[in-house]
Structure formats: structure tokens, C-alpha cells
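Have a look at the structure below before the remarks.
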Amino acid sequence: MLGKAISKSSKAVLKAHNAVISEMRPGVITVEPGCYFIDALLSPASEAPDTSGFFNQKELVKYKDFGSVRIESDVVWPSLS
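Just so we're aligned, residue 8 is where the sequence shown starts under this note's numbering, counting upward by one.
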């Protein structure tokens with residue numbers, strides 16, 4: 008069922024992703040997702056008509072002075088063979 012829920016463009020991305028993954032050698036990957044509250048970027052984006060709908064202004068005000076959060080993880084990529 009999952010295959011039916013994924014669009015054709017998503018399937019192309021997954022196919023390319025899987026091709027890259029299958030060619031990767033063993034190693035370590037550092038993953039660094041983050042959430043940054045930068046007023047110089049958030050203010051214009053939250054006021055622009057084409058992007059303002061992506062922001063929950065009430066929640067954004069709560070975290071405006073928070074700064075940022077970043078999680079750094081190291082992932083060991085084993086051999087697939």
C-alpha cells in the first residue's frame with residue numbers, strides 16, 4: 008500500500024537515494040539536525056504573503072528569544088555485503 012501513497016516524483020527520489028546508499032562504503036556519518044530561531048530570517052518570512060502561512064505566530068513568539076537547538080549524532084555505516 009505504501010507504494011501507492013508515494014507520488015511518482017517521490018519514487019524517483021527514493022530510487023536515486025537507494026542507488027547512492029547501495030554504493031556507500033562503511034564509515035561514520037555525522038547527522039546535525041537543528042532548529043534555529045533567527046529573527047533576521049524569521050521576521051521577513053513570517054510577514055511575506057507567500058510564506059506567512061507556514062508560521063504559527065503564537066508559537067513562534069514563545070520561542071523567539073530561545074536561540075537554537077542542535078542535536079549531533081554519529082551514525083556508524085556498516086558494510087552491506
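Glycine included, C-beta positions come from ideal geometry on N, C-alpha and C.
Which of the three DSSP states is assigned to residue i in this structure?
{"i": "D46", "result": "helix"}
{"i": "S17", "result": "helix"}
{"i": "S86", "result": "coil"}
{"i": "G74", "result": "coil"}
Taking 6 Å as the limit between beta carbons, can you name the residues of its chain near residue i, skipping five residues before and five after?
{"i": "V35", "result": "D81 and V83"}
{"i": "T37", "result": "D81"}
Short of 8 Å in beta carbon distance, which residues of its chain neighbour residue i, apart from the five on each side in sequence? Order them along the chain.
{"i": "F62", "result": "L49, A52 and S53"}
{"i": "S59", "result": "A52 and S53"}
{"i": "P85", "result": "P33"}
{"i": "Q64", "result": "S53"}
Tell me which same chain residues have a C-beta within less than 7 Å of the C-beta of residue i, skipping the five on either side of it?
{"i": "Y70", "result": "F44"}
{"i": "F73", "result": "F44"}
I need the boundaries of the beta strand (DSSP E) containing residue i, first residue and last residue.
{"i": "G34", "result": "G34 to V38"}
State whether the segment 33–52 contacts the segment 72–88, with contact taken as three or more CB pairs (one from each stretch) at a distance under 8 Å. yes
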